[in-house]
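Right, one structure below, let's go through it.
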Amino acid sequence: MTAHGDCRQCEERLQPYLDRTLTADERAIVQLHLSECGRCARCYRLEEVLWKHVRNCCEEEVNGELASNGLQQRLAALRSEPG
Amino acid sequence: MSEATPDHAREIAGEARDRIRFEEEALALADQVYRVARRLVPSPEEAEDLVQDTYVRAFRNWRSFEAGTNLRAWLLRILTNLNIDRGRRAQRAPSTQPVEEGDYFLYDRLDEAGAGEEHRLVERLSQDSIVEALAAVPHDFRDVVVLVDIGEFSYADAAQILDVPIGTVMSRLHRGRRILKQQLADMAATG
Ligand SMILES: [Zn+2]
Numbered sequence: 000m001t002a003h004g005d006c007r008q009c010e011e012r013l014q015p016y017l018d019r020t021l022t023a024d025e026r027a028i029v030q031l032h033l034s035e036c037g038r039c040a041r042c043y044r045l046e047e048v049l050w051k052h053v054r055n056c057c058e059e060e061v062n063g064e065l066a067s068n069g070l071q072q073r074l075a076a077l078r079s080e081p082g
Numbered sequence: 000m001s002e003a004t005p006d007h008a009r010e011i012a013g014e015a016r017d018r019i020r021f022e023e024e025a026l027a028l029a030d031q032v033y034r035v036a037r038r039l040v041p042s043p044e045e046a047e048d049l050v051q052d053t054y055v056r057a058f059r060n061w062r063s064f065e066a067g068t069n070l071r072a073w074l075l076r077i078l079t080n081l082n083i084d085r086g087r088r089a090q091r092a093p094s095t096q097p098v099e100e101g102d103y104f105l106y107d108r109l110d111e112a113g114a115g116e117e118h119r120l121v122e123r124l125s126q127d128s129i130v131e132a133l134a135a136v137p138h139d140f141r142d143v144v145v146l147v148d149i150g151e152f153s154y155a156d157a158a159q160i161l162d163v164p165i166g167t168v169m170s171r172l173h174r175g176r177r178i179l180k181q182q183l184a185d186m187a188a189t190g
């Protein structure tokens with residue numbers, strides 16, 4: 000297979016690789032390619048960094064709302080009457 | 000009530016204890032539930048309403064929660080069902096599927112804009128653009144991305160929450176991630 004073909008296959012396997020749903024053989028092929036191909040290795044690293052960044056951004060955006068919306072108190076008021 | 004035997008009284012006291020414990024455990028998860036809700040509906044107000052309705056239903060049906068199982072997933076299942084009941088599914092346009100590039104597309108775009116260390120490159124994507132891009136992903140795909148990538152639920156939990164097979168979770172997750180990355184690439188290109 001050409002190097003280009005390897006890169007395409009590696010791109011298609013990025014998500015199953017992260018999901019850990021590849022067979023041991025498929026995983027070994029991906030890892031071999033990543034050790035030889037700078038572009039694919041970079042994209043795999045970027046993918047992991049991206050989803051952490053997405054999660055952090057979403058968390059930060061909501062932090063201010065949670066601090067001020069009084070949701071906890073309103074939910075606590077929904078509890079059954081004690082006793 | 001009619002027979003106030005010691006056994007019966009103990010049972011009632013035990014149930015009250017279980018109930019209080021359930022309520023406390025559920026309340027401790029409220030912030031996490033809100034974080035997920037916030038990405039499923041457009042506004043903070045709608046997210047608050049949805050979470051509040053979820054807790055009303057959860058407190059009413061607390062007996063149907065099986066102790067020892069994942070309470071956060073149980074609450075999210077109530078929440079997503081309520082969200083669907085509100086007719087959200089009706090506004091979906093099934094014929095328009097967004098364009099979907101490969102998994103490297105965004106990264107090639109980011110690299111074109113200037114080389115750099117991975118963290119730096121990704122951090123060029125602003126909080127606003129990420130929130131906006133996520134909101135633009137169609138519901139079916141976004142639900143899964145939100146549960147797995149933001150809520151950090153397992154595929155099995157996401158499958159249970161959405162009542163779909165695990166294979167569907169994975170295929171929607173893959174497509175949802177690609178669609179989100181496509182949106183981010185488009186935004187990065189337009190500035
Ligand atoms: Zn490659």
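Residue numbers (numbering that gives the first Met the number 0), protein chains in the order written: chain A, 0 to 82; chain B, 0 to 190. Cβ atoms here follow ideal geometry from the backbone N, Cα and C, with glycine treated the same way.
Range covered by the alpha helix (DSSP H) that runs through residue i
{"i": "residue 164(B)", "result": "Unbroken run through residue 164(B): none, as it is neither H nor E."}
{"i": "residue 148(B)", "result": "Neither: residue 148(B) is in no alpha helix (DSSP H) and is coded neither H nor E."}
{"i": "residue 12(A)", "result": "Counting along the chain, residue 12(A) falls outside any alpha helix (DSSP H), and DSSP gives it neither H nor E."}
{"i": "residue 113(B)", "result": "Here residue 113(B) belongs to no alpha helix (DSSP H), and DSSP marks it neither H nor E."}
{"i": "residue 57(A)", "result": "37-67"}
{"i": "residue 63(B)", "result": "Per DSSP, residue 63(B) belongs to no alpha helix (DSSP H) and is neither H nor E."}
{"i": "residue 193(B)", "result": "Only positions 0 to 190 of chain B appear in this structure, which leaves residue 193(B) out of reach."}
{"i": "residue 34(B)", "result": "29-39"}
{"i": "residue 130(B)", "result": "126-134"}
{"i": "residue 73(A)", "result": "70-75"}
{"i": "residue 82(B)", "result": "70-84"}
Beta-carbon contacts of residue i that lie in its chain and below 7 Å, excluding the five residues immediately before and after
{"i": "residue 66(B)", "result": "none"}
{"i": "residue 120(B)", "result": "109"}
{"i": "residue 175(B)", "result": "136, 140, 141, 143 and 144"}
{"i": "residue 38(B)", "result": "133, 145 and 149"}
{"i": "residue 116(B)", "result": "none"}
{"i": "residue 188(B)", "result": "108"}
{"i": "residue 112(B)", "result": "187"}
{"i": "residue 36(B)", "result": "46, 49, 50 and 78"}
{"i": "residue 49(A)", "result": "none"}
{"i": "residue 12(A)", "result": "21, 25 and 29"}
Cutoff 8 Å: residue i Cβ touching any chain A Cβ
{"i": "residue 102(B)", "result": "yes"}
{"i": "residue 43(B)", "result": "yes"}
{"i": "residue 14(B)", "result": "no"}
{"i": "residue 173(B)", "result": "yes"}
{"i": "residue 136(B)", "result": "no"}
{"i": "residue 140(B)", "result": "no"}
{"i": "residue 58(B)", "result": "yes"}
{"i": "residue 50(B)", "result": "yes"}
{"i": "residue 18(B)", "result": "yes"}
{"i": "residue 98(B)", "result": "no"}
{"i": "residue 29(B)", "result": "yes"}
{"i": "residue 70(B)", "result": "no"}
CB contact check: residue i to chain B, cutoff 8 Å
{"i": "residue 32(A)", "result": "no"}
{"i": "residue 42(A)", "result": "yes"}
{"i": "residue 5(A)", "result": "no"}
{"i": "residue 35(A)", "result": "no"}
{"i": "residue 53(A)", "result": "yes"}
{"i": "residue 73(A)", "result": "yes"}
{"i": "residue 67(A)", "result": "no"}
{"i": "residue 14(A)", "result": "yes"}
{"i": "residue 29(A)", "result": "no"}
{"i": "residue 26(A)", "result": "no"}
{"i": "residue 78(A)", "result": "yes"}
{"i": "residue 49(A)", "result": "yes"}
{"i": "residue 21(A)", "result": "no"}
Residues near residue i by beta carbon distance below 8 Å, same chain, minus five either side
{"i": "residue 72(B)", "result": "152, 156, 159 and 160"}
{"i": "residue 196(B)", "result": "Nothing about residue 196(B) can be reported from this structure: the residues present for chain B run from 0 to 190 only."}
{"i": "residue 181(B)", "result": "97, 98, 99, 100, 104 and 105"}
{"i": "residue 77(A)", "result": "none"}
{"i": "residue 55(A)", "result": "none"}
Cβ-based neighbour list, residue i, same chain, cut-off 6 Å, excluding 5 preceding and 5 following
{"i": "residue 147(B)", "result": "157 and 172"}
{"i": "residue 124(B)", "result": "183"}
{"i": "residue 7(B)", "result": "none"}
{"i": "residue 177(B)", "result": "99"}
{"i": "residue 5(A)", "result": "32"}
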